[in-house]
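Per numbering that gives the first Met the number 0, the sequence shown runs over residues 0 to 240. Beta carbons: idealized from backbone N, C-alpha and C, even for Gly. Shown next, in structure tokens, is the structure this report addresses.
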Amino acid sequence: MTRRAERLFQIIQVLRRSTRPVTGAALAAELEVSTRTVYRDIADLMARRVPIAGEPGLGYLLAADYDMPPLMLTPAEPEAVVLGAQWVAGRGDPLLSLAAHDVLAKIAAAVPAHLHPLIAQPSTATQPSLDMAREVVDPARLREAIRRGRKLRLRYCAGDGARTERTVWPVVLGYSASRRVLIAWCERRQAFRHFRTDRMDAADLLDQPIGEARGALLRRWQAWRAATLAAGERRVEMPAP
């Protein structure tokens, strides 16, 4: 693709990922071009019957039902996918690692020929993975509980060796370089807690829905996390007594 064709495609991508009007200035800043160039490109897209609504000064929206082939990729996009897939393949559980390899094969089969080298010979690479801690519980079960919005009963060994049983509402399965952590609302503590998966002795998927809509629980955890991080930053900024 020429640079202008890439830019037109990228404008559609930016508008497609936004649910609110995007101003010409915001588009210009992201694309690193002038606002005048953006307005000219928007007019060109509209002339090509791309369903964009809006006008200068108010912003632009792309019709929600606009159907664009999903694999018209810019060169940076397959590189981003390859980098993410490398990380998952090296640190995910067996099911996710296999899925990472499969998705790369599907993308390689679908993209134009000029993008194949970006997948077969990527310019990016992740750091070699450290050995993941030994785990008894299959992470796929934890992800299933999150997707289905079901409670989990955990048998858990704390850092001091104490073993407890908890009923939790799973929110997110977090990944770091060397371990996985289940973020969940703990019914026993009535608070969000982080449970290392290598300290789980068992995780039973219960036939009980979590106590609130998953989206609401996720937003509540995000607010809690933001407040916790902000409190930590304030403590760091306070001078020592």
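Comparing alpha carbon positions, the residue from Arg-48, Val-21, Pro-50 closest to Val-37 is Val-21. By the beta-carbon neighbour count (other beta carbons within 10 angstroms, threshold 16), Thr-163 is exposed. Secondary structure of Pro-121 (DSSP, three-state): coil.
Across the structure, Asp-64 and Arg-48 are spaced so that their CA atoms are roughly 13 Å apart. A check of alpha carbon separations from Trp-168 across Ala-230, His-100, Leu-204, Leu-30 identifies Leu-204 as the nearest. Following the DSSP letters along the chain, one finds Tyr-59 inside the beta strand (DSSP E) bounded by residues 58–61. Here the alpha carbons of Gly-91 and Ala-107 stand approximately 21 Å from one another.
If the five residues before and after Ala-42 are omitted, its C-beta is found closer than 6 Å to no C-beta atom of its own chain.
Short of 6 Å from the beta carbon of Glu-186, and not among the five residues preceding or following it, lie these beta carbons of its own chain, in chain order: Thr-166. Non-local beta-carbon contacts of Ala-62 in its own chain, meaning distances under 8 Å to residues more than five positions away in sequence, involve Pro-50, Ile-51, Ala-52 in chain order. Rounded to the nearest whole angstrom, the CA to CA distance from Met-199 to Gly-160 is 12 Å.
Between Trp-184 and Leu-216, the gap from beta carbon to beta carbon is short of 8 Å. Here the region 72–79 makes no contact with the region 23–38; the two share fewer than three CB pairs at distances below 8 Å.
Cβ neighbours of Arg-192 within its own chain (closer than 7 Å, five residues either side excluded): Ala-183, Cys-185. With contacts defined by Cβ atoms closer than 8 Å, Leu-30 and Gln-12 do not form a contacting pair.
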